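Per my numbering, residue 722 is the first one in the sequence shown, and the count goes up by one each step. Have a look at the structure below, then the notes.
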Amino acid sequence: MNIRIINGRRLNADFKWEDSKSIDVQAGLIVALDKESQSSDKVIDAHNCYILPGLTDVNVYLREPGYTAKGSVETETRAAAAGGVTKLCCSPETSPINDSRAVTKLIKELALTANNCEVLPLGALTKGLKGEQLSEYSALKSSQCVALSNAYHPIKNLAITKRCFEYAKTHELSVFINPIEPSLHQGAMHEGHVSTTIGLQGISVLAETIAVAQLIQLAAATGVHLHLSQLSTADSVEQLKKAKAEGVDVTADVAIQNLLYTDKKVESFTSIFHCLPPLREEQDRLALLKGVSEGVIDAVTSAHQPHEAAAKQMPFAETEPGMSTIEFLLPLAQLLEVNKELDLATFIKSMTKGAASVLKQKASLLEVGSVASLSVYDPAVERCVTNGSIISRGKNSPLLGSIIKGQTKATILKGKIVYEN
């Protein structure tokens, strides 16, 4: 299909907004910018809209196989397309665990059938995510896993972690690690004034920062590419900055909720705000925002974790952590811009060029000859977020019941319209 996008403002290769007369898409590629009218099968009018490269989300739970009450590859990738995401990395935390060629193949087949966005599986760092024995790294790499992860499952000890890093380096696989020190990771929210006031057991910042220090040292010793998933503390950002300055091959991401919210959201015991890592204090939130602005933190992620209603209907500490966020990435980012905390172009840069650097891939930009994976976003549309309007099977969104601004008008994946509002 030949697609022509007229009007609007597009994000150029320097991540600056510029007026766009037209973008022509043919055979899955951007073939012309601002040229005279060409024949097309479909015209999208982007008047008063932003046109941006498709976002890459490096940390998503698709839930399938196994947890289909929470979500499926089809529903969650459709939600991703509605959020302007054209590429995502999916967690190995499925049932069965993605620690084999067969499970990876199944996920890839389900993603191809859905054809809503490109899915890059993360293979399990250890068998069954039990943190004891190494998975078959060669088989996972040959089945197109882009990296290895143990999600939030702890590795038994540092000796095993070191062996994982050494073998991952041998196979030239990156390791995505959620930094936690298990012995300090007891609780349901950030340990601080709020947790003490409301009587919930808290998780100390040390649970993360000690793990970050150990992981960086192991990465430096083994030479593996270490990606720190979902940093949440100011001290972690400082350690990351120092490690990069010293030449350690380390990158990091932060969840969108940790840029927006603090532990004060937990005062009402609203289970939507039960997250891992927990929402921290304001000083941590500001340090994370600064880290993204300065490029110390490479990428922002939705950290999308859809849940069925029952998973969030118990006492706060007993509910399952995580938010359904992927289809609201741009409206959430728009809130940061309105608050003058992070401009939208920098946010998009983190989820395109930044995410590509994490994956050691070339960023897809709005240039002639580039793959036509892009999104058209209308920042002015107002809408009410309801259970019925949320595409994801998980309705555990912090925006539920609120009026928000911003709506993806269309998402194009490799020249095919995969979402249109």
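Ideal Cβ positions, reconstructed from N, Cα and C, are used throughout, including at glycine. As the structure is a prediction and not an experimental result, all values here were calculated from the model.
| query | Among S793, K1074, L1063, V840, which one has its Cα closest to the Cα of Q865? | reply | V840
| request: Just the C-alpha distance for E814 and Q907, rounded to the nearest angstrom, thanks. | output: 21 Å
| request: Identify which residue in L1134, I1112, S904, V945 has its Cα closest to the Cα of G968. | output: V945
| task | Please classify S758: is it buried, with 16 or more other beta-carbons within 10 angstroms of its beta-carbon, or exposed? | result | exposed
| query | So what does C1105 bridge to, in DSSP terms? | reply | I1124
| task | Tell me where the beta strand (DSSP E) around H914 begins and ends. | result | That residue, H914, is in no beta strand (DSSP E); its alpha helix (DSSP H) goes 914-919.
| query | Distance, Cα to Cα, G923 vs R1001? | reply | 10 Å
| said: Closer than 8 Å is the cut-off here; do at least three beta carbon pairs connect the region 765-780 with the region 1016-1027? | reply: yes
| field | Enclosing alpha helix (DSSP H) for F1068 [first to last residue] | value | From DSSP, the alpha helix (DSSP H) with F1068 extends over 1065-1070.
| field | Beta-carbon proximity of T943 to F886, cut-off 9 Å | value | The criterion of a C-beta distance shorter than 9 Å is satisfied by T943 and F886.
| Near D984, which residues of its chain fall below 8 Å by C-beta distance, leaving aside the five closest residues on each side in sequence? | Annotation for D984: M910, H911, G913, V915, S916, P999, L1000, R1001, E1002 place their beta carbon closer than 8 Å to its own, counting only its chain and skipping 5 residues before and after.
| said: Just list the residues that DSSP pairs P774 with in beta bridges. | reply: According to the DSSP secondary-structure assignment, P774 is paired through a beta bridge with L1095.
| request: Tell whether a beta-carbon distance below 9 Å holds between L1147 and L939. | output: What is shown of the chain runs 722 to 1142, which leaves residue 1147 out entirely.
| N-terminal and C-terminal residue of the alpha helix (DSSP H) that C885 is part of | 879-891
| field | Endpoints, the beta strand (DSSP E) within which Q747 is located | value | From DSSP, the beta strand (DSSP E) with Q747 extends over 743-747.
| Could you give the residue range of the beta strand (DSSP E) that holds I1112? | Taken as a continuous stretch (DSSP letters only), I1112 belongs to no beta strand (DSSP E), as it is neither H nor E.
| query | If you pair each beta-carbon of the region 758-770 with each one of the region 794-801, do three or more pairs fall below 8 Å? | reply | Because the criterion of three Cβ pairs below 8 Å is not met, the region 758-770 and the region 794-801 do not touch.
| request: Quick one: give me the first and last residue of the beta strand (DSSP E) that S859 is part of. | output: Looking at the DSSP string, S859 is not in any beta strand (DSSP E); the run it does join, the alpha helix (DSSP H), is 858-863.
| Best match in T930, Y873, F990, P875 for proximity to T918 [C-alpha to C-alpha] | F990
| task | Kindly confirm or deny that the region 1123-1138 and the region 1083-1095 touch, where touching means at least three C-beta pairs closer than 8 Å. | result | yes
| request: Assign H892 to one of two classes, buried (16 or more other C-beta atoms within 10 Å of its C-beta) or exposed (fewer than that). | output: exposed
| message | Would L947 and E929 be called neighbours here (beta carbons separated by less than 9 Å)? | response | no
| How far does the alpha helix (DSSP H) with D1005 in it reach, from first residue to last? | 1003-1015
| Using a Cβ-Cβ cut-off of 7 Å (strictly less than) and excluding sequence neighbours within five positions of L827, which residues of its own chain qualify? | If the five residues before and after L827 are omitted, its C-beta is found closer than 7 Å to the C-beta atoms of P786, all from its own chain and listed in chain order.
| said: Do V764 and I726 count as a contact pair if the criterion is CB distance below 9 Å? | reply: yes
| said: Could you tell me the alpha carbon to alpha carbon distance between R1104 and K1033, rounded to whole angstroms? | reply: 24 Å
| request: Answer yes or no: do E1063 and A1076 have a C-beta to C-beta separation smaller than 9 Å? | output: It is Leu, not Glu, that sits at residue 1063 in the sequence shown. No, the pair does not count as a contact, with Cβ atoms beyond the cut-off.
| query | Under three-state DSSP, which class holds P1042? | reply | coil
| request: Compute the beta-carbon to beta-carbon distance between V971 and T954, rounded to the nearest angstrom, for a pair I have assumed lies under 8 Å. | output: The beta carbons of V971 and T954 sit about 16 Å from each other, so the pair does not count as a contact at 8 Å.
| request: Between the Cα of E988 and those of S1045, L1051, N979, G920, spot the shortest distance and give me the residue it belongs to. | output: G920
| task | Return the CA-CA distance between K1126 and F1068, expressed in angstroms with no decimal places. | result | 17 Å
| message | Please report the distance separating the alpha-carbon of F1049 from that of P875. | response | 30 Å
| According to DSSP, residues forming a beta bridge with E1141 | A1131
| When the distance is taken between beta carbons, is R1114 closer than 9 Å to R784? | The Cβ-Cβ distance between R784 and R1114 falls below 9 Å.
| What's the C-alpha gap between L833 and L961? | 36 Å
| message | Taking DSSP's pairing of strands, which residues face P842 in a bridge? | response | Its beta-bridge partners are C811.
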